[in-house]
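Below is one structure; the comments refer to it alone.
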Amino acid sequence: MRRPRGEPGPRALRPTEGATCAGPGESWSPSPNSMLRVLLSAQASAARLSGLLLLPPIQPFCLGPSKWGDRPPGGGPHAGPVRGLQRLLEQARSPGELLRWLGQNPTKVRAHHYPVALRRLGQLLGSQPQPPPVEQATLQDLSQLIIRNCPSFDIHTIHVCLHLAVLLGFPADGPLVCALEREQRFRLPPKPPPPLQPVLRGGQRLEAALSSPHFLRHPRQHLIRSLAEARPEELTPHVMVLLAQHLARHRLREPQLLEAIAYFLVVQEAQLNSKVVQKLVLPFGRLNYFPQEQQFMPCLERILAREAGVAPLATVNILMSLCQLRCLPFRALHFVFSPGFINHISGTPHAPIVRRYLSLLDTAVELELPGYRGPRLPRKQQVPIFPQPLTTDRARSKYSHKDIVAEGLRQLLGEEKYHQDLTVPPGYCTDFLLCVSSSGAVLPVRTQDPFLPYPPRSCPRGQAASQPTTRDPAQRVVLMLRERWHFCRDGRVLLGSRALRERHLGLLGYQLLPLPFEEMESQRGLPQLKSYLRQKLQALGLRWGPEGG
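Take the sequence shown: its position 86, counted from the start at 1, is 94 in the working numbering, and no numbers get skipped.
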């Protein structure tokens, strides 16, 4: 039904637009825009009243069956009179009658009667076409009755009374609402006091910070300060291992902290075993950082000589970190390549991982240590080093640029002109590999052997391969994706494992074409990426298509 012109429509009630219910001894008057002023005027329609109450006009202020009338609290001999009073409240025909029943029966009134009275008040004022006039004293007295008795209410009764009072338009800063809110706060369980934090000093504070799952939120200056304030006796191996693991896990190449670990390793050499040392050395290889501490390598060589036969896996882990730093000690290599060591680890649970690490160490000896003349890993013991993409690449594949680069190469060169994720001897996985003729033409991969020989033919086994040559006229170009997580946190230094792979592939004779993440991220869409790849390939003198053959 359309509203006649000039008649205002229903407006939602705001709790702050209610009447001001005065306290004892104060005069009371409704605020100009309050719902109670409308009710006192007794000139509003039922539709408008129900609109102000945010309730439909058919069942205004209907809260469902009364949950206080069926089983009034208390029971006993007074249960009958209590139920009788509730029926009288529910059947009251005016606000004045409501107040009269509450005021004249003090021994029969219970806490649950007050929500019933407020509920009935809303029904009276919102359901009748011509609401009865409401005396100011009636609302004031009802408000004072609730304020006086609300300390005996339970939390549910307080909550319901507060809800109904707000709906009826009592202001949020008025005495009734304030009294109910205050009682509601009293009923809530108190918050337990914060636990006393123990006073942590030096190494204890550092250990607590490193053990916290929210450590990344702490500025690294706090970590450095905690380390600087710690006394030497507080820096235990456990604390330093936590620090080393944190730096390695989060790729934090912090020279101050790494130098502190190196110094601790040198000072505490006699008290450290190889299982602890492998954890302390881990961040140096992973973060591609060689410390300035002059005794770092002599200290590690002495520890390896002392502990090599005690913990084989820890020994190999230490050598792996040193391999990434290009500083393998010959004496330790003699030991791990000896028949006795190899036979010893063959029957252990960690034999597969040790064999893979020994294969990588043997590759490093082949390519980077021309002066080594000691034992080597037998060919029958060698296994592929990294036959598939590394774990971090697989875990972050959805963030990688590999798929869009593959599509760019497919549209630029054609599917028959490149290999993807090909593992080349001695076990390095390449991102993309191209075979290129001596004139620079990109050749179909099915017509070419994509692998370069290993060991390189240019030098006998054990000779240097720093400048490898091959009789094969075709070149192999490897496109290397340098993703953001391939670098230390500062984004400038490649992680040790990535630098090692690129270094070895270059020594094997593959021509490397790095694709840094900054350049790939700046390309907007496939067309720009294709143009970027074209420029990269042409800068190497490569040709393809009709002009390339």
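Glycine included, C-beta positions come from ideal geometry on N, C-alpha and C.
The shortest CA-to-CA distance from residue 121 to any of 414, 161 and 410 is the one to 161.
Distance from residue 423 to residue 454 at the Cβ level is roughly 11 Å; contact not present, criterion being Cβ atoms closer than 8 Å. Assigned with DSSP and collapsed to three states, residue 426 falls in coil, not helix or strand. Assignment of residue 440 by DSSP, reduced to helix, strand and coil, places it in the strand class. Contact check for residue 249 and residue 284: beta-carbon distance about 6 Å, within the 8 Å limit, so the pair qualifies. Listed as beta-bridge partners of residue 486 by DSSP are 441 and 520.
Closest in alpha carbon position to residue 156, among 179, 308, 242 and 186, is 186. Residue range 320 to 332 is occupied by the alpha helix (DSSP H) that includes residue 323. Counting along the chain, no alpha helix (DSSP H) covers residue 297, and no H or E run does either. By the Cβ-count criterion, residue 103 is buried, with 16 or more other Cβ atoms from all chains shown falling within 10 Å of its own Cβ. Going by beta carbons, residue 323 and residue 289 fall outside the 8 Å limit. According to the DSSP assignment, residue 393 belongs to no alpha helix (DSSP H), since it is labelled neither H nor E. In the three-state scheme derived from DSSP, where H, G and I count as helix and E and B as strand, residue 532 is classed as coil.
Judged by DSSP secondary structure, residue 315 falls within the alpha helix (DSSP H) whose first and last residues are 304 to 315.
Of the candidates 92, 389, 173 and 111, the residue whose Cα lies closest to the Cα of residue 130 is 173. Residue pairing of residue 495 in beta bridges, as defined by DSSP: 502. DSSP places residue 349 inside the alpha helix (DSSP H), whose first and last residues are 347 to 354. Sequence-distant Cβ neighbours of residue 252 in its own chain, meaning closer than 7 Å and more than five residues away, are 269, 287, 288, 290 and 291. A residue is called buried once 16 or more other Cβ atoms fall within 10 Å of its Cβ, and residue 351, having fewer, is exposed. Going by DSSP, residue 462 is part of no alpha helix (DSSP H) at all; its letter is neither H nor E.
Restricted to the segment 258 to 296, the alpha helix (DSSP H) segments that are unbroken, complete and at least 4 residues in length are 263 to 275 and 282 to 294, listed in chain order. A distance below 8 Å separates the beta carbons of residue 372 and residue 336.
By the neighbour-count criterion, in which 16 or more other beta carbons inside 10 Å mark a residue as buried, residue 408 falls on the buried side.
If you draw a 10 Å sphere on the C-beta of residue 100, you find 16 or more other C-beta atoms in it, and that means buried. Ranked by Cα distance from residue 347, the options 385, 164 and 507 are led by 385.
Residue state for residue 100 is assigned as coil, using DSSP reduced to three classes. Sixteen is the threshold: since fewer than 16 other Cβ atoms of the shown chains lie within 10 Å of the Cβ of residue 111, the residue is exposed. For residue 443, the closest alpha carbon among the candidates 456, 437 and 191 is that of 456. The Cβ neighbour count for residue 432, taken over all protein chains shown within 10 Å, is at least 16; the residue is labelled buried. The beta-carbon distance between residue 261 and residue 498, rounded to whole angstroms, is 6 Å. This is short enough to meet the 8 Å contact definition. Residue pairing from DSSP places residue 449 in a beta bridge opposite 551.
For residue 367, the uninterrupted alpha helix (DSSP H) run begins and ends at 359 to 376, by DSSP. Proximity to residue 304 across 545, 266, 295 and 418 peaks at 266, based on C-alpha coordinates. Residue 431 carries a strand assignment under DSSP once its states are collapsed to helix, strand and coil. Boundaries of the alpha helix (DSSP H) around residue 416: 410 to 420. In the DSSP assignment, residue 183 falls within the unbroken alpha helix (DSSP H) covering 183 to 195.
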